[in-house]
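Peer 1: Numbering (full-length UniProt numbering), first residue to last: 1 to 646.
Before I ask anything, here is the structure I am working with.
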Amino acid sequence: MKSTILMAFGLFSAVLAWARPTPPILTSSPDGAVRVSVTLDAAGVPRYTVHYRDAEVLRPSRLGLQLAEADFSRGLRLAGAGKVESVTDNYTLLNDKRAACRYQANRRRLRFRGPKGWQLSVIFQVSNDGVAFRYEVEGQSKAVQRVVAEHTTFRLPTAAKGWLHPHAVAQTGWANTQPSYEEYYQMGIAAGTPSPLGQGWSFPALFQAAGHWVLLTETDLDRHYAGAHLSHLAPDGEYGIAFPQAPERTTPTAPLLPESGLPWRTPWRVVVVGPSLGTIVESTLTTDVATPAKTKDAAFVRPGKAAWSWALLKDESAVYEVQKRFIDYAANMKWRYCLIDALWDTQIGYEKTAELARYARSKNVDLLLWYNSNGSWNQAPQTPLRRLFEPDTRRQEFTRLQQMGIKGVKIDFFGGDGQSFMAYYQDLLEDAAAAGLVVNFHGTTIPRGWTRTYPNLVTMEAVRGYEFITFEQANADQQPSHCAMLPFARNAIGPMDFTPLCFSELPGGIRRATTNGFELALSVLFQSGIQHYVEIPEGMARQPAYVVDFLRNLPPRWDDLRLLDGFPGQYAVLARQAQGKWYVAGINGTEKEKTVTLELSKLGPVRGGTLITEGSTSRDFSTRHVTGSSLTLPIKPHGGFVLMLE
1 MKSTILMAFG LFSAVLAWAR PTPPILTSSP DGAVRVSVTL DAAGVPRYTV
51 HYRDAEVLRP SRLGLQLAEA DFSRGLRLAG AGKVESVTDN YTLLNDKRAA
101 CRYQANRRRL RFRGPKGWQL SVIFQVSNDG VAFRYEVEGQ SKAVQRVVAE
151 HTTFRLPTAA KGWLHPHAVA QTGWANTQPS YEEYYQMGIA AGTPSPLGQG
201 WSFPALFQAA GHWVLLTETD LDRHYAGAHL SHLAPDGEYG IAFPQAPERT
251 TPTAPLLPES GLPWRTPWRV VVVGPSLGTI VESTLTTDVA TPAKTKDAAF
301 VRPGKAAWSW ALLKDESAVY EVQKRFIDYA ANMKWRYCLI DALWDTQIGY
351 EKTAELARYA RSKNVDLLLW YNSNGSWNQA PQTPLRRLFE PDTRRQEFTR
401 LQQMGIKGVK IDFFGGDGQS FMAYYQDLLE DAAAAGLVVN FHGTTIPRGW
451 TRTYPNLVTM EAVRGYEFIT FEQANADQQP SHCAMLPFAR NAIGPMDFTP
501 LCFSELPGGI RRATTNGFEL ALSVLFQSGI QHYVEIPEGM ARQPAYVVDF
551 LRNLPPRWDD LRLLDGFPGQ YAVLARQAQG KWYVAGINGT EKEKTVTLEL
601 SKLGPVRGGT LITEGSTSRD FSTRHVTGSS LTLPIKPHGG FVLMLE
């Protein structure tokens with residue numbers, strides 16, 4: 001008994017000797033506003049804290065990674081803290097919120113010694129708009145390593161509130177297609193509230209914390225890691241990292257959890273933080289730290305607008321004559337694209353689709369085609385299916401499309417966030433780029449910095465989009481507040497294919513809750529490399545000429561943006577710039593009139609502009625010229641406006 005006690009005491013002493021507590025190691029942003037402090041306690045557990053000026057926006061939160069062969073979550077010893085280095089990067093995006101991006105940060109590498117003499121590095125990059133950190137594992141083993149758990153946490157302050165997206169249960173939903181990031185946000189809930197679906201919360205996660213705003217997400221996820229989300233339970237407001245559920249893999253034996261050889265690096269964990277929602281909306285942190293473009297030949301990538309029949313006319317519209325009419329519609333609107341959705345391969349056929357592509361080119365329009373992604377992970381019957389999963393079949397199909405004159409693909413119904421799916425996404429992007437095809441992912445995961453790494457990725461769904469509004473009245477009723485939520489979370493991390501804009505009444509007797517001014521505003525408020533519009537030719541023909549001209553002349557891509565006003569789920573007013581001209585859009589997601597005062601001088605010298613909003617009814621428009629650098633506007637319940645500045 002005595003020897004057992006002595007042995008236990010000796011082991012405890014060895015741990016204490018191995019894991020010595022360290023004083024805080026500080027890294028600050030270039031402007032000094034954002035500070036990260038890292039400590040190592042007596043048990044060898046590393047933690048980090050994030051401050052914005054004097055406010056603690058993340059309380060001490062855990063760091064750590066657990067491999068099957070080595071536990072880097074406790075018993076660690078600090079092996080070294082590198083000097084703070086300055087990081088500067090200038091780059092261009094083709095399909096995101098800002099064209100010319102400039103990133104400045106301070107970087108520090110902390111090295112921890114763990115089991116077997118292996119080393120875990122934690123790299124922090126602290127910029128004026130937040131913090132990014134990732135792990136790197138180094139060791140001598142040549143074997144494939146597997147991550148069992150990631151022990152990173154985010155511990156929010158007491159009284160923090162969240163605007164959070166419930167993560168879906170895998171293999172649920174229509175044709176077993178979940179998770180596809182298509183739930184409604186839970187708004188203004190207490191930090192630590194369990195998810196209603198029992199599977200945690202999706203990235204991005206927005207919080208109001210200590211008088212500031214925090215957005216949590218991940219980026220730069222390569223083929224050697226799985227997509228993560230926040231844990232279901234968060235005691236004391238401390239959210240952990242949750243990995244995909246068991247079915248979220250491409251085949252029953254494909255990798256689910258992360259696995260790779262050494263050395264190995266994880267995705268960046270991203271904490272966007274600022275005193276206002278403007279920081280959240282305007283930040284490019286998720287692309288700032290992403291891997292630069294893997295191809296230098298991106299001349300075939302052309303952002304733009306698209307005509308699209310499926311939203312209102314459904315599967316029956318994928319026939320030759322209807323699609324020819326929509327090509328004419330796109331040409332008349334001066335939109336670059338026309339998307340032909342599911343069943344084109346059987347209801348039109350390859351040869352006639354190639355004929356449509358030639359006709360479209362004669363009208364200066366390019367065709368996009370829909371594909372089912374599936375191998376065996378979902379039961380969605382829509383065709384073409386099983387053409388993309390096997391590499392040889394996929395490359396042959398993409399080559400055939402290239403020869404037909406097709407310019408892009410919409411790929412739908414993915415099955416989760418397991419590592420094998422993350423690899424599959426990137427295989428699709430690389431093979432599509434080789435064939436000169438742009439890509440739109442639907443029924444998909446969220447953007448994770450890939451618009452920078454793969455410029456041919458023009459947009460992703462990962463949102464409860466307009467198609468749901470056409471399915472049932474309950475979705476139409478929730479559209480106003482839902483749309484007022486999206487600029488502050490989902491669209492803040494990358495392009496979003498919500499497929500906006502409908503002036504017509506909906507099929508099946510569904511009543512639109514929004515005004516026409518609200519719908520028009522979404523064409524500017526939401527950003528997507530290709531913006532697919534719901535409205536059909538007959539509905540557009542009924543609109544005033546000034547509305548049609550506005551949509552006809554919208555720029556194909558945006559250079560910059562500013563959030564002018566807003567609050568998640570209530571209202572949003574955003575300005576986007578293209579070719580030196582600012583376009584302002586605002587929506588009211590509430591049932592009460594909202595008055596906003598816009599200080600337009602923040603956008604530069606302003607003489608005035610043209611305002612388009614509702615008319616005498618919710619289905620009418622009105623327009624007028626406004627002057628001055630300050631403008632006070634009432635926005636009707638579920639209403640909206642656009643303003644083109646001079």
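We put the beta carbon where it would ideally sit given N, CA and C, even for glycine.
#1: Quick one: Cα of Thr590 to Cα of Gln140, how far?
#2: Shortest alpha-carbon distance to Ser276 belongs to which of Asn128, Ala513, Asp620 and Thr177?
#3: Starting from Thr353, trace the beta strand (DSSP E) both ways and give me its first and last residue.
#4: Looking at Glu614 and Gly586, is the spacing between their C-beta atoms short of 8 Å?
#5: Opposite Gln531 in the DSSP bridges: which residues?
#6: Measuring CB to CB, does Glu138 end up less than 8 Å from Gln119?
#7: Please return the same chain residues whose Cβ sits closer than 7 Å to the Cβ of Arg62, not counting the five positions on each side in sequence.
#8: Near Gly304, which residues of its chain fall below 7 Å by C-beta distance, leaving aside the five closest residues on each side in sequence?
#9: Measuring from the CB of Thr617, is there a heavy atom of the ligand NAP at a distance below 7 Å?
#10: In chain order, what residues of the same chain have a beta carbon less than 6 Å from the beta carbon of Leu230, not counting five sequence neighbours either side?
#11: Based on the DSSP secondary-structure assignment, which residues constitute the bridge partners of Ala210?
#12: In whole angstroms, what is the alpha-carbon distance linking Val409 and Thr470?
#13: Consult DSSP for Leu339 and reduce its assignment to one of helix, strand or coil.
#14: Just the Cα atoms here: how many angstroms apart are Val365 and Ile327?
#15: Just to confirm the assignment, what range does the alpha helix (DSSP H) spanning Thr393 have?
#16: When the Cα atoms are used, what is the spatial distance from Ala14 to Pro179?
#17: Compare the Cα-Cα distances from Glu505 to each of Glu519, Ile493 and Arg490 and report the closest residue.
#18: According to DSSP, is Asp31 helix, strand or coil?
#19: Is there contact here, the stretch 240-248 with the stretch 411-430, by at least three beta-carbon pairs under 8 Å?
#20: Indicate the three-state DSSP secondary structure (helix, strand or coil) for Gln125 in the structure shown.
#21: Out of Lys296, Gln473, Thr22 and Tyr546, which has the shortest C-alpha to C-alpha gap to Phe112?
#22: Tell me which same chain residues have a C-beta within less than 8 Å of the C-beta of Ala521, skipping the five on either side of it?
#23: Given a threshold of 16 other Cβ atoms within 10 Å of its Cβ, counted over all protein chains shown, does Thr172 qualify as buried or as exposed?
#24: At what residues does the alpha helix (DSSP H) containing Ala516 begin and finish?
#25: Measuring alpha carbon to alpha carbon, tell me which residue in Pro568, Ala575, Asp620 and Arg576 is nearest Gly188.
#26: Looking only at DSSP bridge pairs, what is Ser231 linked to?
#27: Identify the continuous alpha helix (DSSP H) that holds Trp310 and give its terminal residues.
#28: Thinking just about the alpha-carbon of each residue, which of Ala331, Cys483 and Lys314 is nearest to the one in Trp344?
#29: So the candidates are Pro381, Leu233, Gln570 and Gln347; which of them puts its Cα closest to the Cα of Arg155?
#30: I'd like to check one pair, Arg452 with Thr287: are the Cβ atoms closer than 8 Å?
#31: Leaving aside the five residues before and after Ala433 along the sequence, list all residues of the same chain whose C-beta is less than 6 Å from its C-beta, in chain order.
#32: Determine the extent of the alpha helix (DSSP H) in which Arg552 is found, giving its start and end residues.
#33: So, is Pro24 buried or exposed, given that buried needs 16 or more other C-beta atoms within 10 angstroms?
#34: Gln104 by DSSP, collapsed to three states: which one?
#35: How would you call Asp549, buried or exposed, if buried means at least 16 neighbouring beta carbons within 10 angstroms?
#36: Which of the three DSSP states is assigned to Glu467 in this structure?
Peer 2: The short version:
#1: It is roughly 59 Å from the alpha-carbon of Thr590 to the alpha-carbon of Gln140.
#2: A check of alpha carbon separations from Ser276 across Asn128, Ala513, Asp620 and Thr177 identifies Asn128 as the nearest.
#3: Segment Tyr350 to Ser362 is the alpha helix (DSSP H) holding Thr353; no beta strand (DSSP E) there.
#4: With respect to the 8 Å criterion, Gly586 and Glu614 are not classified as neighbours on the basis of their beta carbons.
#5: When DSSP reads this structure, Gln531 sits in a beta bridge with Lys305.
#6: In contact: Glu138 and Gln119 (Cβ atoms closer than 8 Å).
#7: If we look at Arg62 and ignore the five residues flanking it on each side, its Cβ neighbours are Val45, Arg47, His151, Thr152 and Thr153.
#8: So the qualifying residues of the chain are Trp335, Arg336, Tyr337, Ile530 and Pro556.
#9: As presented, the structure is devoid of all ligands, the ligand NAP included, so that no description of it is given.
#10: Cβ neighbours of Leu230 within its own chain (closer than 6 Å, five residues either side excluded): Gly200, Trp201, Ala205 and Tyr239.
#11: Ala210 pairs with nothing; no bridge assigned.
#12: Taking the straight line joining both Cα atoms gives about 23 Å.
#13: Leu339 falls in the strand class under three-state DSSP.
#14: Spanning the two alpha carbons is a distance of roughly 7 Å.
#15: Pro391 to Met404 is the extent of the alpha helix (DSSP H) around Thr393.
#16: Unreliable placement is indicated for Ala14, whose pLDDT of 38 sits below 50; no coordinate value is reported for it.
#17: Minimum Cα distance to Glu505 is reached at Glu519.
#18: Under the three-state reduction of DSSP output, Asp31 falls in the coil class, being neither helix nor strand.
#19: These segments touch.
#20: Per DSSP, reduced to three states, the secondary structure at Gln125 is strand.
#21: Checking every option, the nearest Cα to that of Phe112 belongs to Thr22.
#22: Cβ neighbours of Ala521 beyond the five flanking positions: Ala585, Gly586, Ile587, Gly640, Phe641 and Val642.
#23: By the neighbour-count rule (16 or more Cβ atoms within 10 Å), Thr172 is not buried but exposed.
#24: The amino acid at residue 516 is misidentified as Ala; the sequence shows Asn. Taken as a continuous stretch (DSSP letters only), the alpha helix (DSSP H) holding Asn516 covers Asn516 to Leu525.
#25: For the options Pro568, Ala575, Asp620 and Arg576, the alpha carbon positioned closest to that of Gly188 is the one of Pro568.
#26: The secondary-structure analysis by DSSP pairs Ser231 with nothing; it has no beta-bridge partner.
#27: Where Trp310 is concerned, the enclosing alpha helix (DSSP H) stretches over Trp310 to Leu313.
#28: From the listed residues Ala331, Cys483 and Lys314, the smallest Cα separation to Trp344 is found for Lys314.
#29: Nearest option by C-alpha distance: Leu233.
#30: Going by C-beta atoms, Thr287 is nearer than 8 Å to Arg452.
#31: Excluding positions up to five away in sequence, the list reads Thr295 and Asn456.
#32: Per DSSP, Arg552 belongs to the alpha helix (DSSP H) from Ala545 to Asn553.
#33: Result: exposed.
#34: Gln104: strand per DSSP, three-state reduction.
#35: The residue in question, Asp549, is exposed, as its Cβ has fewer than 16 Cβ neighbours within 10 Å.
#36: Correct three-state label for Glu467: helix.
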